[in-house]
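S.K.: Have a look at this one before I ask anything.
In my numbering, the protein residues as written are 4 to 99.
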């Protein structure tokens, strides 16, 4: 994974955006994905953001907050994310 990041992002940290796609699923992401590779994600992730209307997604994000040093954010809609400082930073980098 480290080579992937180095080859594609020149060692720049990236944001991880998780958007719930299906409200019928039990959760939008498994926090163990970020925790099992903790050191790699801490080295390469600038932040993790979850967009969901389900409380259990925010609980999963709490595990990431407790077990890593990656800044974590949660929003109920993409519009809320876009109007946040994290979203505005992303828009600036994309030239929007």
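Using N, Cα and C, we set each Cβ at its ideal position, and we do this for glycine too.
For residue 41, which of helix, strand or coil comes out of DSSP?
M.R.: Indexing the chain shown from 1 puts residue 41 at position 38. Looking at residue 41 - three-state DSSP - the assignment turns out to be helix.
S.K.: What residues are listed by DSSP as bridge partners for residue 22?
M.R.: Counting from one through the chain shown, the residue named residue 22 turns up at place 19. Residue 22 is bridged to 54.
S.K.: Sort out for me which residues DSSP pairs residue 17 with in a bridge.
M.R.: As a position in the chain shown, residue 17 is number 14, starting the count at 1. Answer by DSSP bridge pairing, in chain order: 48.
S.K.: Three-state secondary structure (DSSP) at residue 61?
M.R.: Numbered from its first residue, the chain shown carries residue 61 at position 58. Here residue 61 sits in helix by DSSP.
S.K.: Cutting at 6 Å between CB atoms, please list the residues of its own chain near residue 76, excluding the five before and the five after it.
M.R.: Along the chain shown, one-based indexing puts residue 76 at 73. So the list reads 52, 89, once near-sequence residues are dropped.
S.K.: Looking at the unbroken alpha helix (DSSP H) that takes in residue 32, where does it start and where does it end?
M.R.: One-based indexing of the chain shown puts residue 32 at position 29. Taken as a continuous stretch (DSSP letters only), residue 32 belongs to no alpha helix (DSSP H), as it is neither H nor E.
S.K.: Can you tell me whether residue 63 is buried or exposed? The criterion is at least 16 other CB atoms within 10 Å of its CB, across all chains shown.
M.R.: Looking up residue 63 in the chain shown gives position 60. Result: buried.
S.K.: Just the Cα atoms here: how many angstroms apart are residue 31 and residue 66?
M.R.: Taking the first residue of the chain shown as 1, we reach residue 31 at position 28. Taking the first residue of the chain shown as 1, we reach residue 66 at position 63. Going from the Cα of residue 31 to the Cα of residue 66 covers about 14 Å.
S.K.: Return the residue from the list 39, 29, 54, 25 that minimises the CA-CA distance to residue 19.
M.R.: Taking the chain shown and counting its residues from 1, the one referred to as residue 19 is at position 16. Of the listed residues, the one whose Cα sits closest to residue 19 is 54.
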